[in-house]
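Enquirer: The structure is given below, and queries will be raised subsequently.
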Amino acid sequence: MKEKPDIIVVGGGPCGSYSAYTAAKLGAEVTVCEEHEEIGAPKHCAGHLNVSSLERLGIRVPLAAIENEIKGAVFCSPSGKEFVLRCRAPVTYVVNRELFDKHLADLAVKSGVHYRLKSRVKSLFFDSGSVKGVALKGEERLEANVVIDAEGCSSALLKKTGLKGLESSMIVRGIQAEVDGAEDVDDDMVEVYFGKNVAPGFFAWIIPRKDGSAKVGLATRVGNPRDYLRRFMEKHPVASKKLKKSRTTYTSLHPIPLEGPLPKTYSGGFLAVGDAASQVKPTTGGGVIFGLTCARVAGAVAYEAVKRQDFSEAFLSSYQSRWKRLVGFDLDAILRMRRMLDSLSDSRIDGMIDLCRKLGVDSVLEKVGDLDFQGRTLIPMIKYPGTLAVISYFLFSWLTSTTKN
Ligand SMILES: Cc1cc2nc3c(=O)[nH]c(=O)nc-3n(C[C@H](O)[C@H](O)[C@H](O)COP(=O)(O)OP(=O)(O)OC[C@H]3O[C@@H](n4cnc5c(N)ncnc54)[C@H](O)[C@@H]3O)c2cc1C
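Per our numbering, the sequence shown starts with residue 219, numbered consecutively.
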């Protein structure tokens, strides 16, 4: 290994490891600095991932990391109306994020990536305005030609480059409990609960695992997520009946960036990826698939910069144009959907869920829906009268709510 790596990746989460893996596989010398002593821990994520998106990325999840295979979802409206979307074959995996993250790190190590655990990056250092390396806790400095910031939902490093980082208004607070003893939950369906009193600005979920346990969580824009989760589990008219005998074995709290990607994700010698760049779907808070999609681009662009010995902002700007080509349209469209959803009253959400059920929208979604690329899914959906009616109702509700406000 060279004394000075070509690329330093900050953060050994999925996006850090996958960008490191991509760059190393192409031929770069890569070091990942991870603050914790173990990859994947502490875990905070539901790990609900679209099977076809993982296939598109070429990621084969090891069997041991697959906690369940899911065929669809039950959407529960604020007043308790249900819309069930069930596909014939499994469409998503529930993965164990600890094992999933370790798998991606293993792939990286096998491609030559060097991991430094218990290595918290405190700061960046610069030469002529370009990032030239990282400063670790304890004053050690590591030089590199490109730093990939995959530190998750923090922006501490990103802001040091002068780029716009995440603000608290862009974040919802997530909480998840792992529970034993949930009852009456189909073992191949996730449950999604809406309501301003349930999870303001987001939703709550119950995700079953094959072993009978479940992940129960929510995120909220306001208030204390612990209070909302307690109320959901103990008082929600539908969910509390399923969870009354449950026992919580693990709880985690973690922020989710929900306002679409940051406007600029590169500067001289520097790229930001994953949650650090807010490459997260604003409707569901899912950040793994789009983050990995962008991480692959970040790894490739960083490698190309090393090959050409061009670490300039101008060259690294190709990262932004390339990831935007892959997921930019969907992220923009999804952000609009999230803003429209946020403006709807509970009774309008009730009406929408009712319409979806009555008009048989499930069969259309099974045919043309995509859990990740939700923006482009809207285009073929317009052809079907049922979904067109739901979209029209959604737009009408949004228009009337914005003109009232
Ligand atoms: C409750 C909840 C449920 C979720 N469920 C889903 C889901 O079902 N599906 C989905 O797709 N997404 C989900 N997400 C989002 C998903 O977890 C994130 O989008 C994803 O983890 C982002 O990956 P990342 O690699 O960018 O960041 P992270 O996974 O946060 O990894 C960042 C890594 O960087 C390390 N780090 C941070 N700062 C430093 C530093 N200064 N020096 C060294 N190391 C550092 C951290 O320790 C961590 O290991 C959920 C999030 C929450 C909160």
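From the three backbone atoms N, C-alpha and C, an ideal C-beta is built for every residue, glycine too.
Can you find the residues in the same chain that come closer than 8 Å, C-beta to C-beta, to residue 491, ignoring five residues on each side of it along the sequence?
Expert: Once the five neighbours on either side are set aside, the close Cβ partners of residue 491 are 233, 234, 237, 366, 367, 368, 483, 497, 509, 512, 513, 516.
Enquirer: Identify whether residue 412 lies in helix, strand or coil by the three-state DSSP scheme.
Expert: If DSSP states are grouped into helix, strand and coil, residue 412 belongs with coil.
Enquirer: With the cut-off set at 7 Å, would you say residue 432 and residue 400 are in Cβ contact?
Expert: Taking 7 Å as the Cβ cut-off, residue 432 and residue 400 qualify as a contacting pair.
Enquirer: At a cut-off of 6 Å, would you count residue 283 as near ligand 1, judging by its Cβ distance to the nearest heavy atom?
Expert: No, ligand 1 has no heavy atom inside 6 Å of this Cβ.
Enquirer: Of the choices 270, 296, 556, 503, whose alpha-carbon is the least far from that of residue 411?
Expert: Answer by Cα proximity: 296.
Enquirer: Residues in its own chain within less than 7 Å of residue 375 by CB, not counting five upstream and five downstream?
Expert: Around residue 375: 228, 339, 342, 367, 369.
Enquirer: Where do the N-terminal and C-terminal ends of the beta strand (DSSP E) with residue 350 fall, by residue?
Expert: Per DSSP, residue 350 belongs to the beta strand (DSSP E) from 348-354.
Enquirer: Could you check the C-alpha separation between residue 623 and residue 561 for me, to the nearest Å?
Expert: Only weak support exists for where residue 623 lies, its pLDDT of 48 falling under 50; the value from the coordinates is given anyway. So the two alpha carbons sit approximately 9 Å from each other.
Enquirer: With three or more beta-carbon pairs closer than 8 Å as the criterion, would you say the segment 245-261 touches the segment 276-285?
Expert: Touching, no.
Enquirer: What are the start and end residues of each continuous beta strand (DSSP E) run of 3 or more residues lying completely inside the segment 261-333, in chain order?
Expert: List check, beta strand (DSSP E) in window: 266-268, 284-288, 290-294, 300-304, 310-313.
Enquirer: Given this structure, state the Cα-to-Cα distance separating residue 230 from residue 572, to the nearest angstrom.
Expert: Between residue 230 and residue 572, the C-alpha separation is close to 43 Å.
Enquirer: For ligand 1, is there any heavy atom lying closer than 6 Å to the beta carbon of residue 228?
Expert: Result yes, Cβ under 6 Å from ligand 1.
Enquirer: Would you call residue 281 buried or exposed, if buried means 16 or more other Cβ atoms sit within 10 Å of its Cβ?
Expert: Under this definition residue 281 is an exposed residue.
Enquirer: Taking buried to mean at least 16 other C-beta atoms within 10 Å of its own C-beta, is residue 502 buried or exposed?
Expert: The residue in question, residue 502, is buried, as its Cβ has 16 or more Cβ neighbours within 10 Å.
Enquirer: On the three-pair Cβ rule with 8 Å, is the segment 517-524 touching the segment 403-421?
Expert: Taking 8 Å as the limit for Cβ pairs, the verdict is that the segment 403-421 does not touch the segment 517-524.
Enquirer: Using the C-alpha atoms, what's the distance from residue 449 back to residue 456?
Expert: Taking the straight line joining both Cα atoms gives about 12 Å.
Enquirer: Less than 7 Å between the beta carbons of residue 470 and residue 394, yes or no?
Expert: A contact, by the Cβ cut-off of 7 Å.
Enquirer: Could you tell me the distance, in whole angstroms, from the CA atom of residue 305 to the CA atom of residue 287?
Expert: Rounded to whole angstroms, residue 305 to residue 287 spans 12 Å at the Cα level.
Enquirer: Could you tell me if residue 548 is buried or exposed, where buried requires 16 or more neighbouring beta carbons within 10 angstroms of its beta carbon?
Expert: Classification of residue 548: buried, given that the 10 Å Cβ count is 16 or more.
Enquirer: Which first and last residues belong to the alpha helix (DSSP H) in which residue 625 is found?
Expert: Coverage of the chain is limited to positions 219 through 623, which leaves residue 625 absent and any answer about it impossible.
Enquirer: From the DSSP output, read off the bridge partner residues of residue 438.
Expert: Residue 438 is bridged to 391.
Enquirer: Let me know the secondary structure DSSP gives residue 235 once reduced to three states.
Expert: Residue state, collapsed to three classes: helix.
Enquirer: Return no unless some Cβ of chain B is closer than 7 Å to the Cβ of residue 340.
Expert: This model lacks chain B altogether; it includes just one protein chain.
Enquirer: Answer yes or no: the CB of residue 232 versus the heavy atoms of ligand 1, is any distance below 6 Å?
Expert: Answer for residue 232: yes, Cβ within range of ligand 1.
Enquirer: Can you say whether residue 467 is buried or exposed, counting buried as having 16 or more other CB atoms within 10 angstroms of its CB?
Expert: Classification for residue 467: exposed.
Enquirer: Taking only runs that begin and end inside the segment 472-549, name each unbroken beta strand (DSSP E) of 3 or more residues, in chain order.
Expert: DSSP runs (the beta strand (DSSP E)) wholly in the segment 472-549: 488-490.
Enquirer: By a C-beta neighbour count over all protein chains shown, 10 Å radius and 16 as the cutoff for buried, is residue 323 buried or exposed?
Expert: Per the 10 Å Cβ criterion, buried.
Enquirer: On the DSSP bridge list, what partners appear for residue 360?
Expert: For residue 360, which the question treats as bridged, DSSP gives the partners 352.
Enquirer: Check whether the segment 300-319 and the segment 257-268 are in contact - that is, three or more C-beta pairs closer than 8 Å.
Expert: Taking 8 Å as the limit for Cβ pairs, the verdict is that the segment 257-268 does touch the segment 300-319.
Enquirer: Can you tell me which of the three DSSP states residue 204 falls into?
Expert: Outside the displayed range of the chain (219 to 623) lies residue 204, so it cannot be described from this structure.
Enquirer: Could you tell me whether any non-hydrogen atom of ligand 1 is closer than 6 Å to the CB of residue 366?
Expert: No; taking the cut-off as 6 Å, the Cβ of residue 366 has no heavy atom of ligand 1 nearer than that.
Enquirer: Closest by CA to residue 542, which one among 524, 479, 402?
Expert: The shortest C-alpha separation from residue 542 is found at 479.
Enquirer: DSSP on residue 371, reduced to helix/strand/coil?
Expert: Of the three classes helix, strand and coil, the one that applies to residue 371 here is coil, per DSSP.
Enquirer: Starting from the C-beta of residue 283, find all residues in its chain whose C-beta is less than 7 Å away, skip the five residues before and the five after it, and write them out in chain order.
Expert: The answer, listed in chain order, is 313, 314, 317, 318, 321.
Enquirer: Would you identify the three-state DSSP class for residue 227, choosing helix, strand or coil?
Expert: If DSSP states are grouped into helix, strand and coil, residue 227 belongs with the strands.
Enquirer: Report the three-state DSSP secondary structure of residue 222 (helix, strand or coil).
Expert: DSSP places residue 222 in coil when its eight states are reduced to three.
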